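Asker: Here it is, the structure in full.
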Amino acid sequence: MPMHHPMPRAVLFDLDGTLADTAPDLAEAVNQLRVERGLAPTPYEQLRPVASAGARGLIGAAFGLKPEDENYEELRVAFLNNYAAALAVKSTLFNGVAALLQELFNSGLQWGIVTNKAARFTDLLVPQIGLQQAGCVISGDTTPHPKPHPEPLLEAARRLALAPQDCWYVGDDLRDIQAGQAAGMTTVAAAWGYCGNQEPATWSADAIAETPLQILEFIRQRPLETGRPRPI
Numbered sequence: 010m011p012m013h014h015p016m017p018r019a020v021l022f023d024l025d026g027t028l029a030d031t032a033p034d035l036a037e038a039v040n041q042l043r044v045e046r047g048l049a050p051t052p053y054e055q056l057r058p059v060a061s062a063g064a065r066g067l068i069g070a071a072f073g074l075k076p077e078d079e080n081y082e083e084l085r086v087a088f089l090n091n092y093a094a095a096l097a098v099k100s101t102l103f104n105g106v107a108a109l110l111q112e113l114f115n116s117g118l119q120w121g122i123v124t125n126k127a128a129r130f131t132d133l134l135v136p137q138i139g140l141q142q143a144g145c146v147i148s149g150d151t152t153p154h155p156k157p158h159p160e161p162l163l164e165a166a167r168r169l170a171l172a173p174q175d176c177w178y179v180g181d182d183l184r185d186i187q188a189g190q191a192a193g194m195t196t197v198a199a200a201w202g203y204c205g206n207q208e209p210a211t212w213s214a215d216a217i218a219e220t221p222l223q224i225l226e227f228i229r230q231r232p233l234e235t236g237r238p239r240p241i
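The structure is reproduced here in structure tokens:
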């Protein structure tokens, strides 16, 4: 990781595909629509990579429709209603996330969530999967602009009373890295996530983490002015 990036005072995270493996419940919600229409379920392997893109990604993969297409809006509403009714059945934190968040807390670092998921889902999901200790939760409709716009990240920094440059942002989608860069934050690509069938190495993130706990290694590697490693 480049040496000029400061030790964070907070680490902000995307939710779907970064902190939480929510793809199983999202896939179930869209496949319900297919089964109701007499269609075979779309294989999970095709749905998982696009789960971070929400309704647009899942309806695109399951039905081959774009938001401007006829019938898309009807499917979107039905999909979201299905999801709201069963959004924490199979969703869990990724392996290592709970330990990472506990270690950040133990080290005196704040952490928060910045997601494009609408608050009607985020507010239900976060407490059910063990993320209720977040210092802030910014949903896709908390500010007028979702990611890749920087405003949700800037709002998170304001709520934590920190400058954006004191925050790192971790996400599993190109738009997460774009938003973090636009906000002036250090960016970390979550290679364990869904990644939208893309290669995180092409995103120009400041670092790529293969596992959640690798983020602790990056933090511990931040140099002091003397060049000695800074203890976490």
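Residue 10 is where the sequence shown starts when you use this note's numbering, and the numbers rise one by one after that.
Glycine included, every Cβ here is placed at the ideal spot set by N, Cα and C.
Please read all numbers here as calculations on a predicted model, not as lab measurements.
Would you tell me roughly how many angstroms separate the C-alpha atoms of E82 and A188, rounded to the nearest one?
Answerer: Within the sequence shown, residue 82 is the residue found at index 73, counting from 1. Within the sequence shown, residue 188 is the residue found at index 179, counting from 1. Those two C-alpha atoms are separated by around 27 Å.
Asker: In three-state DSSP terms, what is T235?
Answerer: Start at 1 with the first residue of the sequence shown, and residue 235 comes out as number 226. Note that T235 has pLDDT 36, beneath the 50 cutoff, so the model's placement of it is unreliable and no number is given.
Asker: Could you pull the start and end residues of the alpha helix (DSSP H) that L35 belongs to?
Answerer: Within the sequence shown, numbered from 1, the residue matching residue 35 stands at position 26. L35 -> alpha helix (DSSP H) spans A32 to E45.
Asker: Taking only the alpha-carbon atoms, compute the straight-line gap between R57 and A172 and give it to the nearest angstrom.
Answerer: The residue given as residue 57 occupies position 48 in the sequence shown. The residue given as residue 172 occupies position 163 in the sequence shown. Each residue's Cα considered, the two are about 34 Å apart.
Asker: When the Cα atoms are used, what is the spatial distance from M16 to L225?
Answerer: Residue numbering aside, residue 16 sits at position 7 when the sequence shown is read from its first letter. Residue numbering aside, residue 225 sits at position 216 when the sequence shown is read from its first letter. Between M16 and L225, the C-alpha separation is close to 11 Å.
Asker: Within 10 angstroms of its Cβ, does S213 collect 16 or more other Cβ (buried), or is it exposed?
Answerer: Within the sequence shown, numbered from 1, the residue matching residue 213 stands at position 204. That one is exposed.
Asker: Going by C-alpha to C-alpha distance, which of S61, A143, R85 and D175 sits closest to Q41?
Answerer: Translated into the one-based positions of the sequence shown, residue 41 becomes position 32. Comparing Cα-Cα distances from Q41 to each of S61, A143, R85 and D175, the minimum goes to R85.
Asker: Could you tell me whether the region 18-37 touches the region 174-181, using the rule of 3 or more Cβ pairs below 8 Å?
Answerer: Verdict: yes, contact present.
Asker: Are P161 and V197 close, meaning C-beta to C-beta below 8 Å?
Answerer: Here residue 161 refers to the residue found at position 152 of the sequence shown. Here residue 197 refers to the residue found at position 188 of the sequence shown. Their beta carbons are not under 8 Å apart, which means P161 does not touch V197 by this criterion.
Asker: With a threshold of 7 Å on Cβ separation, who are the neighbours of A64 within its own chain once the five nearest residues in sequence on each side are excluded?
Answerer: Stepping through the sequence shown from its first residue, residue 64 is reached at position 55. Once the five neighbours on either side are set aside, the close Cβ partners of A64 are R85, F88 and L89.
Asker: How many Å lie between A128 and E54 at the Cα?
Answerer: Stepping through the sequence shown from its first residue, residue 128 is reached at position 119. Stepping through the sequence shown from its first residue, residue 54 is reached at position 45. Using only the alpha carbons, I get a separation of about 27 Å.
Asker: When the Cα atoms are used, what is the spatial distance from V44 to E37?
Answerer: Counted from its first residue, the sequence shown places residue 44 at position 35. Counted from its first residue, the sequence shown places residue 37 at position 28. V44 and E37: Cα-Cα distance of roughly 10 Å.
Asker: Between the alpha carbons of G144 and L109, how many angstroms are there, rounded?
Answerer: Counting from one through the sequence shown, the residue named residue 144 turns up at place 135. Counting from one through the sequence shown, the residue named residue 109 turns up at place 100. Cα to Cα, the separation comes out at about 15 Å.
Asker: With L67 and V39 assumed to form a contact (beta carbons below 8 Å), what rounded beta-carbon distance in angstroms separates them?
Answerer: Position 58 of the sequence shown, counted from the start, is the residue given in the question as residue 67. Position 30 of the sequence shown, counted from the start, is the residue given in the question as residue 39. That belief holds up - the Cβ atoms of L67 and V39 are roughly 4 Å apart, short of 8 Å.
Asker: Can you list, in chain order, the residues of its chain whose CB lies under 6 Å from that of N125, leaving out five sequence neighbours each side?
Answerer: Position 116 of the sequence shown, counting from 1, holds the residue named residue 125. Once the five neighbours on either side are set aside, the close Cβ partners of N125 are G149, P155 and K156.
Asker: Between A49 and V98, what straight-line distance do the alpha-carbon atoms span, to the nearest angstrom?
Answerer: Here residue 49 refers to the residue found at position 40 when the sequence shown is read from its first residue. Here residue 98 refers to the residue found at position 89 when the sequence shown is read from its first residue. The straight-line gap from Cα to Cα measures roughly 21 Å.
Asker: Classify T31 as buried or exposed, calling it buried when 16 or more other Cβ atoms lie within 10 Å of its own Cβ.
Answerer: Taking the sequence shown and counting its residues from 1, the one referred to as residue 31 is at position 22. The residue in question, T31, is buried, as its Cβ has 16 or more Cβ neighbours within 10 Å.
Asker: Within 10 Å of its beta-carbon, does P153 have 16 or more other beta-carbons around it, so buried, or fewer, so exposed?
Answerer: Position 144 of the sequence shown, counted from the start, is the residue given in the question as residue 153. So P153 ends up on the exposed side.
Asker: Which class does D215 belong to by DSSP, given the choice of helix, strand or coil?
Answerer: Your numbering for residue 215 matches position 206 in the sequence shown. Correct three-state label for D215: coil.
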